[in-house]
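A short write-up of the structure that comes next.
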Amino acid sequence: MNVIHFGRDRLAAAREAAGRAAELLEDGDYEGARRAADLGIGLLEEPGAEEAGADAHRRELGRLLVRRVFARFSLSDLDGAAEDARRAHAALDGVVRTGDDPDAYDAADAQVWLAGLLAAAGRDDEVRALGCDRLDRYRAAALTTPEEAPRLAGLLGRYGGAMLAIGEYARGHERVREALEIYRAHAGGLSAEDMALFANAATTLAESLDPGPETAPEMLAAAEDAVAYWSHLAGRGAPVIDWVVYAMYLRGMGLGALDHPEAVQALVDARFVLFSFYEEDSQDAEKLAGLLTRALDGRGEDHYISRDVAVAVGRWMRIRRDAES
């Protein structure tokens with residue numbers, strides 16, 4: 001009996017740690033979230049912790065590991081994140097069997113994290129072998145629950161990105177397009193995290209389409225969504241200026257593929273935003289500068305900066321100065 005009480009106490013403490021880790025992730029405190037998850041996982045790894053119930057133990061361990069994946073990824077510990085994603089995927093295996101299970105989202109999230117991290121590591125065959133059964137189960141249930149729609153869209157967009165990364169373009173485009181459709185239908189009620197995932201999915205689709213006459217309209221629509229949401233997040237102080245510039249570049253390329261007269265203006269505006277925040281030691285800035293230089297190819301010298309873009313840059317500069325002071 002004492003052992004069972006011990007196990008229950010550990011489980012309750014681990015559950016509290018998982019809740020704290022989730023709160024810290026929302027606040028952007030990734031180091032704090034990692035430490036909270038470390039604490040909970042450590043409790044569950046102590047002898048006797050499983051005595052309160054193996055399924056309950058595996059569920060709580062899976063939840064904590066998923067939260068630590070996010071924290072480690074955000075702290076650039078990709079190897080640690082991949083290992084945690086694998087462990088979370090294994091912990092929830094066989095425990096979460098239906099799409100409406102309370103932990104169905106975490107099970108799908110673990111699978112999507114693992115797919116994305118394996119794809120980033122170039123382990124294409126493992127991504128294909130992993131499949132997306134947990135995502136599909138959660139999707140079937142979430143489509144009937146409107147409040148789950150943004151979370152579902154986030155998973156679909158991320159999984160679609162993993163598919164595109166390994167060259168599975170048909171499957172990748174299908175998932176990302178579904179994500180964008182859901183986001184657009186719920187645009188009025190998105191959180192900051194949802195907006196970032198929306199912008200990321202839109203960027204992913206826009207950059208994966210060749211800027212030809214047939215695909216340019218879809219590329220342009222996705223790029224315009226990306227510009228709008230990355231810009232909105234920048235206006236709230238998020239450090240996403242590089243993403244704003246890249247989305248503006250993609251928009252310019254989409255306009256150019258349609259022979260639109262504003263294509264050069266769009267690229268000139270993107271260059272202005274980039275060099276307003278240019279940092280010499282930034283490899284991302286160097287890459288963006290190269291993209292814009294090649295795209296403009298000597299054009300645009302007689303173009304003035306768009307008023308809206310100039311105003312936005314001034315606002316973003318004030319936000320940055322206030323944050324640094």
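Position 298 (the sequence shown) corresponds to 298 in the UniProt record's numbering; numbering is contiguous.
Just so you know, even glycine gets a beta-carbon here, dropped at the ideal spot from N, CA and C.
The DSSP assignment places complete alpha helix (DSSP H) segments of no fewer than 4 residues inside the stretch 231 to 271 at 241 to 257, in order along the chain. In this structure G40 touches A14 by the C-beta definition: roughly 4 Å separates them, less than 8 Å. Taking C-beta separations shorter than 8 Å and ignoring five residues to either side along the sequence, the partners of E262 in its chain run L255, following chain order. Secondary structure of I166 (DSSP, three-state): coil. In this structure, A196 is the residue among P102, A222, A196 with its C-alpha nearest to the C-alpha of V240. For Y138, the enclosing alpha helix (DSSP H) stretches over residues 133 to 142. Note that the C-beta distance between A179 and A153 is below 7 Å.
Leaving aside the five residues that flank A270 on each side, the residues in its chain whose CB is nearer than 7 Å to its CB run, in chain order, V245, M248, Y249, G252, L292.
Of the candidates V96, A90, V127, the residue whose Cα lies closest to the Cα of G116 is V127.
Under the three-state reduction of DSSP output, T293 falls in the helix class. Judged by DSSP in its simplified three-state form, R97 adopts coil rather than helix or strand. Rounded to the nearest whole angstrom, the C-alpha separation of G157 and T203 is 10 Å. S76 counts as exposed, since fewer than 16 other beta carbons sit within 10 angstroms of its beta carbon. In the DSSP annotation of this structure, the continuous segment of the alpha helix (DSSP H) that includes T203 starts and ends at 192 to 208.
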